[in-house]
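Residue numbers for the sequence shown, in the working numbering: 2 to 130.
Taking it in order: structure first as structure tokens, then the write-up.
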Amino acid sequence: MEAVAKLKNVPSSPRKMRLVADLIRGQKVSKALGILRYQPQAGAALLEKLVLSAVANWQQKNGDERAEDADLYVKTIFVDGGRMLKRLRPAPQGRGHRIRKRSNHVTVVIESAAESLTLAPVVSTENAE
Numbered sequence: 002m003e004a005v006a007k008l009k010n011v012p013s014s015p016r017k018m019r020l021v022a023d024l025i026r027g028q029k030v031s032k033a034l035g036i037l038r039y040q041p042q043a044g045a046a047l048l049e050k051l052v053l054s055a056v057a058n059w060q061q062k063n064g065d066e067r068a069e070d071a072d073l074y075v076k077t078i079f080v081d082g083g084r085m086l087k088r089l090r091p092a093p094q095g096r097g098h099r100i101r102k103r104s105n106h107v108t109v110v111i112e113s114a115a116e117s118l119t120l121a122p123v124v125s126t127e128n129a130e
């Protein structure tokens, strides 16, 4: 069973956050947390907290199982653009240049690797005529 965690209105550009999100896509949760712990980017700490939140959501759904035994992995992670704050910066000759302060929304889905294998469809190799 999968669990979802969302982080909204993060005050950094989606491009910067996608660089960090690409590092953990498809990784096991324990390895993803290790990768995020030692990344220098500011978004890494936020994503680490978000992955921990997704693990807590998974434990809430599956009360009888332990997260350590479930072999959890990051099934999907995606970063969408949030709202843009538009500011004006003074420019020469009385003009103003527009500054776009971007934000983003991050969604993480984790799943147990054992469950994804048992739920996979069985394909027959026999010739069907």
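Note that beta-carbon positions come from the ideal geometry of N, C-alpha and C, so glycine has one too.
Since we're looking at a predicted model, the values are computed, not measured.
Buried or exposed by the 16-neighbour rule on C-beta atoms within 10 Å, applied to residue i
i	result
Tyr74	buried
Pro15	buried
Met18	buried
Gly44	buried
Asn10	exposed
Ala115	exposed
Leu37	buried
Ala33	buried
Leu51	buried
Ala4	buried
Ala46	exposed
Ala92	exposed
Supposed close pair residue i, residue j - CB separation, criterion 8 Å
i	j	result
Ala22	Leu53	About 15 Å separates the two Cβ atoms, so there is no contact after all.
Asp81	His106	5 Å
Met2	Asn63	6 Å
Bridge partner(s) assigned by DSSP for residue i
i	result
Ser113	Leu73
Ala4	Ile111
Leu89	Arg99
Gly82	Asn105
Residue i at chain B interface by Cβ criterion, 9 Å
i	result
Val75	Among the chains in the structure shown there is no chain B, since it carries only a single protein chain.
Practice problem: Please determine if the stretch 64–83 and the stretch 106–113 are in contact, where contact requires at least 3 C-beta pairs separated by less than 8 Å. | Solution: The stretch 64–83 vs the stretch 106–113: in contact.
Self-check item: Secondary structure, beta strand (DSSP E): runs of 3+ residues fully inside the stretch 2–47
Solution: Within the stretch 2–47, the complete beta strand (DSSP E) runs of at least 3 residues are 4–11.
Quiz item: Taking one C-beta from the stretch 78–85 and one from the stretch 95–103 each time, how about it: are there three or more such pairs within less than 8 Å?
Solution: Pairwise C-beta distances place the stretch 78–85 in contact with the stretch 95–103, as three or more of them are shorter than 8 Å.
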